[in-house]
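Residue numbering for the sequence shown follows the UniProt record's numbering, beginning at 1 and increasing consecutively.
Cβ atoms here follow ideal geometry from the backbone N, Cα and C, with glycine treated the same way.
Please read all numbers here as calculations on a predicted model, not as lab measurements.
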Amino acid sequence: MRASLSPLRLRINRALRDEDGATLVEFALVTALFLLILFTLIDFARLGFTNVLAEKATERAVRMAVVRPAVCDGLPLGNARGIIGTLSIDIPNGTRCTERAGLCHTPATQTCTGDLSHPTVAAIWAQVAPLMPTNAGPENLAFSYSFDPALNRVGATYNPIVTVEITDLTFDFISPLGALAAAAGASGQRDLGESFAFSSMSASLPAETIR
Numbered sequence: 001m002r003a004s005l006s007p008l009r010l011r012i013n014r015a016l017r018d019e020d021g022a023t024l025v026e027f028a029l030v031t032a033l034f035l036l037i038l039f040t041l042i043d044f045a046r047l048g049f050t051n052v053l054a055e056k057a058t059e060r061a062v063r064m065a066v067v068r069p070a071v072c073d074g075l076p077l078g079n080a081r082g083i084i085g086t087l088s089i090d091i092p093n094g095t096r097c098t099e100r101a102g103l104c105h106t107p108a109t110q111t112c113t114g115d116l117s118h119p120t121v122a123a124i125w126a127q128v129a130p131l132m133p134t135n136a137g138p139e140n141l142a143f144s145y146s147f148d149p150a151l152n153r154v155g156a157t158y159n160p161i162v163t164v165e166i167t168d169l170t171f172d173f174i175s176p177l178g179a180l181a182a183a184a185g186a187s188g189q190r191d192l193g194e195s196f197a198f199s200s201m202s203a204s205l206p207a208e209t210i211r
């Protein structure tokens, strides 16, 4: 006759066969990992798409800025002679500023932020707003006008290099990546998916006219 199992061994065998709890734990971990991968792909795809659109926005903005009145104040209307230029009476007006070092006065770079009260900014923003990140405003566009001697001539109209840059923006993740990472078993990842500074990007072109 087969010996009967002791109550202790019966409980041990029953516990070994009871895997329902372990299955639920495994299912929860796998689900959290799957959701983490899915939402990470979605958010980083959003980030890449936003970068591409923002780059197109700066390119469009600078193409408009070079043919419109300057956004910044204090730009010279023409190229004055520098210290060397004042003494170089043999060099007529219209000579390239690169002809001699110090021939032309070097104006300081002028930088300012976008303001819709300025007609140039208002016109540019109307065109680039659909391409900008959702939390962007005209104040996130920085306009710079810098001197390049190769583009200017003594006594002629001042033609600066115009740069439009996207600044002071943050990128916001829409997914709770930190919480999903913790649910999947990762430790110290609670800050994953938090907002971070959006990469600055800029585009530059020589101005066609400054009025």
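DSSP beta-bridge partners for residue i?
i, result
"T170", "A197"
"R96", "R153"
"R81", "C104"
"S202", "E165"
Is residue i near the ligand NAP, judged by its Cβ being under 7 Å from some heavy atom?
i, result
"S146", "With respect to the ligand NAP, the structure shown offers nothing to examine, as it has no ligands at all."
By the DSSP assignment, the beta strand (DSSP E) with residue i in it spans what residues?
i, result
"T111", "Q110 to T113"
Can you tell which of the options has its C-alpha closest to the C-alpha of residue i?
i, options, result
"I161", "L169, F143 and W125", "F143"
"M132", "L47, T23 and T40", "L47"
"D168", "M201, N152 and R68", "M201"
"L75", "F196, P107 and L141", "P107"
"Y145", "A32, R68, F39 and A54", "R68"
"A80", "D73, A70, V71 and I91", "I91"
"L77", "N159, T111 and A54", "N159"
"A207", "P176, A179, A150 and T170", "A150"
"L87", "S175, L38, V71 and H105", "H105"
"S204", "A129, A57, T170 and A156", "A57"
"T113", "F44, V52, E59 and D73", "D73"
"Q127", "T170, R60, G178 and N152", "R60"
"N152", "E99, P119, L36 and T109", "E99"
Under a Cβ-count criterion, where at least 16 other Cβ atoms within 10 Å of its own Cβ denotes burial, should residue i be classed as buried or exposed?
i, result
"I124", "buried"
"F198", "buried"
"N166", "This sequence places Ile at residue 166; Asn is not what is there. It is buried - the Cβ of I166 has at least 16 other Cβ atoms within 10 Å."
"F49", "exposed"
"F34", "exposed"
"L103", "buried"
"F196", "exposed"
"residue 256", "Residue 256 cannot be examined here, being either before or after the span of the chain that is shown, 1 to 211."
"F173", "buried"
"P138", "buried"
"N135", "exposed"
"G82", "buried"
"L29", "exposed"
"A65", "buried"
"F147", "buried"
"N93", "exposed"
"S117", "exposed"
Those runs of the alpha helix (DSSP H) which lie wholly inside the region 129 to 175 and span at least 4 residues: none
Uninterrupted beta strand (DSSP E) stretches inside the UniProt domain "TadE-like" (21 to 63) (no shorter than 3 residues): none
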